[in-house]
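All remarks here apply to the structure that follows.
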Amino acid sequence: MSDRPAVAKGEAATHTPPYNPAGGRLGMWLFICTEVLLFGGLFLLYSVYRYRYAADFHAASALLDRVFGTTNTIVLITSSLTVVLSIFEFERGRPSRTRLYILFTLLCGFAFLGIKGFEWAAKFEHGLYPGAAHLLSRPFGEVLYFGLYFTMTGLHAVHVIVGMALLFTAWLRIGSGKLRRMRPAFLENAGLFWHLVDVIWIFLFPLFYLIS
Amino acid sequence: MSKEARPTLEELNACDDPELDVHGGRRGICHPHGSVPLYVGIWAFLVCLTLLTVTMAGWKLGALAIVAVLAIAATKSTLVLLGFMHLWWEDLVVIRLLVPIVLVTLAIFIGLTYTDILYR
C-alpha cells in the first residue's frame, strides 16, 4: 500500500473507471433470451394448433403470397448484412460509411414494413382478419391460423419498428459525435437487436408461408 | 473557443488507444471482428438457403418436410448468431452459454407440453 503514489487531491472526482461494455452486452443478450422465450411460447401455440388442425393450416397457408414472403426474407437478411458492416466500419474508424450502412438498413426496414402492410391490407380486403364475418365462416383451424399469423407477424413488425428507432438514434448520435469508436456499445447492442428480429423472421417465414 | 477547435467526425473516431479492450475480452477496439468477404459470404449463403427452402416447399416430402424446413431455419439462425451477432468471437463464457441454456429451456417447455397434448 505504501509504495503506491500519493493520490492528488481532487483526482478521485475526475477519475473515470476503465471502459468495459461486457456488462451492457450481457444485459442485451439476457434481453434477447427473454425475447426468444416470448416468441417461443407463440411458436409452441402454433405447433399445437397446427398438429390439431393440420389440413386447415395447410389450406390457410395457401392464401398467403409466397413472393412477398420470400422478398421480405431477402430484404431482412440484406439489412442484417448492412448492420454488421456498419459496426465493422465503425470499429475501423469510418463514421461516414457507418452512417451510410445504417441508412441503407433503415431503407430495408421501411421496405419490409411496406410489403408487410401491403400484404395485411390485401388480407383485410378479403375479409381475412380476426373477427371478420367471412373468416369466422371458414373452418375453425383457419381462424386459428390467421389469429396466429396476425399476432406473430404483428409482434414481429413492432420489433422491426423498435429496431429502426434504435438504429436511427445511433445514426443521429454518430453524426453529433456522441457515439464514438471508443464507446461503440450502443451501436453494437442495437445491431444485436436487429439480428434478433432477423432470426425470428427466419422461423416465421417458412412456418407461415411454406406449409401449403 | 474558435471554430476550428471543433473536431471533425473522423478525428472524434480516431483510435485513441489501440490496446484499450472495449469488448471485455482479448481484442482491442481497433481490430474489429470478421471481414467484409466473410460477412458477404454468410449473406450469400443465407440467400441460397432461403431460395432452397422455398424450392423445397414444392417437393412432396410428406412428414419429412417440416424436419427439412426447421433444419434449414436452424442452420440460418446459427450462421446469424455466430457470424453477424459475433458469438463466434465472444470471449465471455456467460454469453456463450446463454443461447444453449435458453434453447434447452424452450425444449423443456415444448417437450412437457407435448407429453400433455399427445397422451391426454
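So the sequences go chain by chain: A and B. For the first sequence, this note's numbering begins at 159 and goes up steadily by one. For the second sequence, this note's numbering begins at 2 and goes up steadily by one. Each residue gets a CB set at the ideal place from its N, CA and C atoms; glycine is no exception. This structure is a prediction, so every number in the text was calculated from the model and none was measured.
- Taking 7 Å as the upper bound on Cβ-Cβ separation, chain B lies near residues 350, 353, 356, 357, 360, 361 of the stretch 350 to 363 of chain A.
- The beta carbon of residue 73/B sits closer than 6 Å to the beta carbons of 50, 54 from its chain, once the five residues preceding and following it are set aside; these are given in chain order.
- Between residue 248/A and residue 179/A, the CB-CB gap reaches or exceeds 8 Å.
- Interface criterion not met: the Cβ of residue 89/B is under 8 Å from no Cβ in chain A.
- Within the stretch 190 to 261 of chain A, the complete alpha helix (DSSP H) segments of 4 residues or longer fall at 212 to 219, 224 to 249, listed in chain order.
- Distance from residue 107/B to residue 184/A at the Cβ level is roughly 20 Å; contact not present, criterion being Cβ atoms closer than 8 Å.
- For residue 362/A, the enclosing alpha helix (DSSP H) covers residues 343 to 367.
- Against chain A, the CB of residue 96/B has a partner CB under 8 Å away; the residue lies at that interface.
- A contact between stretches requires three or more CB pairs, one per stretch, nearer than 8 Å, and the stretch 269 to 284 of chain A fails this requirement with the stretch 56 to 67 of chain B.
- Within chain A, the residues whose beta carbon sits less than 7 Å from that of residue 15/B are 251, listed in sequence order.
- Counting only runs of at least 4 residues, the stretch 278 to 322 of chain A fully encloses the following alpha helix (DSSP H) elements, listed from N- to C-terminal order: 291 to 294.
- Contact annotation: the stretch 214 to 233 of chain A touches the stretch 262 to 276 of chain A, with at least three C-beta pairs closer than 8 Å.
- Closest option to residue 296/A, judged by alpha-carbon separation, among 191/A, 201/A, 198/A, 221/A: 221/A.
- Chain-order list of chain A residues neighbouring residue 72/B: empty, with the shortest C-beta distance near 11 Å, by a criterion of under 7 Å.
- Excluding its 5 nearest sequence neighbours in each direction, residue 226/A has C-beta neighbours in its own chain below 6 Å: 273, 277, listed in chain order.
- Cβ neighbours of residue 363/A within its own chain (closer than 7 Å, five residues either side excluded): 227, 231.
- In this structure, 320/A is the residue among 320/A, 304/A, 217/A with its C-alpha nearest to the C-alpha of residue 348/A.
- Separation of residue 98/B and residue 114/B (C-alpha to C-alpha, rounded to the nearest whole angstrom) is 25 Å.
- When only Cα atoms are considered, residue 250/A and residue 238/A end up about 19 Å apart.
- With respect to chain A, the C-beta atom of residue 63/B has no partner C-beta closer than 8 Å.
- Around the beta carbon of residue 282/A, fewer than 16 other beta carbons sit within 10 angstroms, so the residue counts as exposed.
- Taking residue 37/B as reference, the option from 118/B, 117/B, 85/B, 47/B with the minimal CA-CA separation is 85/B.
- Boundaries of the alpha helix (DSSP H) around residue 57/B: 37 to 57.
- Interface with chain A (8 Å Cβ-Cβ cutoff): residue 93/B is included.
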